[in-house]
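Peer 1:
Residue numbers (the numbering used here), protein chains in the order written: chain A, 1 to 404; chain B, 1001 to 1172.
1) Output the boundary residues of the alpha helix (DSSP H) element that contains residue 319 of chain A.
2) Using only CA atoms, which one of A/215, A/270, A/360 and A/73 lies nearest to residue 125 of chain A?
3) Tell me which same chain residues have a C-beta within less than 6 Å of the C-beta of residue 1102 of chain B, skipping the five on either side of it?
4) In this structure, how does DSSP classify residue 339 of chain A when only helix, strand and coil are distinguished?
5) Any beta carbon from chain B within less than 8 Å of residue 232 of chain A's own beta carbon?
6) How long is the line joining the alpha carbons of residue 66 of chain A and residue 127 of chain A, rounded to whole angstroms?
7) Residue 33 of chain A to residue 1038 of chain B, Cα distance in whole Å?
8) In the stretch 1048-1073 of chain B, which residues sit with their C-beta less than 7 Å from some C-beta in chain A, listed in chain order?
9) Take residue 314 of chain A and list the residues in its own chain whose beta-carbon comes closer than 7 Å to its own, dropping the five residues that flank it on each side.
10) How far does the beta strand (DSSP E) with residue 1171 of chain B in it reach, from first residue to last?
11) Taking C-beta pairs closer than 9 Å, name the residues in chain A that residue 1032 of chain B reaches, listed in chain order.
12) Residue 166 of chain A: buried (16+ other C-beta within 10 angstroms of its C-beta) or exposed?
13) By how many angstroms is the C-alpha of residue 257 of chain A removed from the C-alpha of residue 250 of chain A?
14) I want to know whether the stretch 1116-1135 of chain B touches the stretch 1151-1171 of chain B - three or more CB-CB distances under 8 Å.
15) Strictly below 8 Å CB to CB, what residues from chain A border residue 1119 of chain B?
16) By Cβ distance below 7 Å, which residues in the same chain neighbour residue 220 of chain A in space, the five residues on each side in sequence not counted?
17) For a quick check, are the C-beta atoms of residue 242 of chain A and residue 356 of chain A less than 8 Å apart?
18) Put residue 384 of chain A into one of helix, strand or coil per three-state DSSP.
19) Residue 173 of chain A touches chain B at which residues, Cβ-Cβ below 8 Å?
20) Using a Cβ-Cβ cut-off of 7 Å (strictly less than) and excluding sequence neighbours within five positions of residue 403 of chain A, which residues of its own chain qualify?
21) What three-state label does DSSP hand residue 181 of chain A in the structure shown?
22) Can you give me, in chain order, the residues of the stretch 326-339 of chain A that have a beta carbon less than 8 Å from any beta carbon in chain B?
23) Can you name the residues that DSSP bridges to residue 357 of chain A?
24) Quick one: does residue 1134 of chain B have its CB under 8 Å from some CB of chain A?
25) Based on Cα-Cα distance, which residue from A/104, A/325, A/156 and A/271 lies nearest to residue 366 of chain A?
26) Under 8 Å between C-beta atoms, does residue 166 of chain A make it to chain B?
27) Starting from residue 173 of chain A, follow its DSSP beta bridges and name the residues at the other end.
28) Threshold first: 4 residues or longer. Then list the alpha helix (DSSP H) segments lying entirely within the stretch 93-131 of chain A, N to C.
29) Got a sec, what are the start and stop residues for the beta strand (DSSP E) residue 1150 of chain B sits in?
30) Taking only beta-carbon positions, decide if residue 102 of chain A is within less than 8 Å of chain B.
31) Please tell me whether residue 1025 of chain B has its Cβ less than 8 Å away from any Cβ of chain A.
32) In or out: residue 131 of chain A buried (at least 16 other Cβ within 10 Å) or exposed?
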């Protein structure tokens, strides 16, 4: 099976429109003005689906759907926003009624979401009655469909922001692999543009390896055991790329890498993590408060070796050489760091693949994100070459590829 | 595009939105005094238009200099984005002869262009050219540099408030 860029773009748009329809239903019923913030298609390791929800509680509804597409979908409200939503729906509603409020509103929103897909596909998609769900973190996400052949699942994810309130809610859709693959193939406009789907999986695992290598380098340099946590490859319109990062202030490094593929790579720390990890690197306590110049130069050094680790991981698998510029230190709002990079890539493409990974350590309060923004055409080329040069080893057996 | 003209208030008792977010490659126009905000401008530019006579204000967040037949929403590009905003302002009752403009963003941060002008500066140049073609005067600007910006347009006064990570708030 191959996915071409255009069909990914189409499916992304479809998910976005479905989310718009769901949001319009909410606005109509409650008067709450909400907008769809981000919609993306993510290819993620099965066990990592929903990791970004950790540490929060959710309530929502779950549906099964069948027909042209099969699978499970959930709509999740932040636990704190349930009261606000049900109150808007029926002022003065008793707390015990919250569940039926969520169920009612969830039902209407998700019908809009699924009907949107069916209309576009000119096909029938049936869905089961909504089931109320509540719970913590990723436990509210249904099990991704199991498929012996693939370790990854496609997840369609929309984040909807509620204007004037700092509340987000989420729609996750986890389609069964085969019907989705079939539909994507039907909607593929041009086979020349196509990326074999299993190669995307390999690429995802390369990213995991790259992150592990970067984490090893952190450990080597700081002596603190560091684990790589999440890695995923997403696909989104170029204007949604900066939204992948929050508005908080980050410290980190950015490089441009050249070769096949070329692109940009960011290593980012939240300010507190930056201070904590920099302290661990420094022989003596830094004078002064907050983030000092000494902290920043430690971060620059760390960003450099993390970048090298990550890029080496890729180059190993691709058997190409990937070079990178010296790191540029950044200390700014997350989105404004990503924005100029997205603009540079956006001069040549409408959509972008975004590679994200995270690492953390239990020993100190430290978290780091790596984001890569490769040139789409060259990424395709790299995957194509992977097939040509290493055809005997690319049946998703990444372990083997790394045994050099 | 949504126009907040108060006409949708008949159905609900909800207060009018006080703050309207404008995403990347989006624009909004208000005639009811809401603040329009946009965040995370790097090389992107926020263009604010204000018509005090019509009590209308609008904000667009553009990403790239010119459309040149490329796909994407009009608000993604400086030339078509400014054009779309002017039209939306007029649709909301504003008049281009009484509009004034302010702009912010267009930073040179993280521009790896080997040669030639950065995207940020090309965005700024294009915005100015397009405003000029509509004969809309620029009353204030905060562009360039190597830092990100977030904006709040106070639609009643037309003040544009610029926030950055490591510096003082700037009001133009």
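All residues carry an ideal CB built from backbone N, CA and C; glycine is no exception.
Quantities reported herein were computed from a predicted structural model and do not represent experimental measurements.
Peer 2: Taking the structure as given:
1) Residue 319 of chain A -> no alpha helix (DSSP H), and no H or E assigned at all.
2) A/73
3) 1048, 1139, 1140, 1160 and 1172
4) helix
5) no
6) 6 Å
7) 17 Å
8) 1063, 1064, 1071 and 1072
9) 206, 210 and 322
10) 1167-1171
11) The premise fails here: residue 1032 of chain B is roughly 13 Å from chain A at the closest Cβ pair, so nothing lies under 9 Å.
12) The pLDDT assigned to residue 166 of chain A is 47, lower than 50, so where the model puts this residue is not dependable; a value taken from the coordinates is nonetheless given after this. Result: exposed.
13) 21 Å
14) no
15) 340, 343, 344 and 347
16) none
17) no
18) helix
19) Under the 8 Å cutoff, chain B gives no residues; its nearest Cβ is about 22 Å from residue 173 of chain A.
20) Residue placement at residue 403 of chain A is flagged as unreliable, the pLDDT there being 42, under the threshold of 50; the coordinate-derived value follows with that caveat. Within the same chain, residue 403 of chain A has no close Cβ partners at all.
21) helix
22) 328, 330, 331, 332, 333, 334, 335, 336, 337, 338 and 339
23) A/231 and A/370
24) no
25) A/271
26) Only weak support exists for where residue 166 of chain A lies, its pLDDT of 47 falling under 50; the value from the coordinates is given anyway. It does not; no Cβ of chain B falls within 8 Å.
27) A/73 and A/156
28) 98-121
29) 1149-1154
30) no
31) yes
32) exposed
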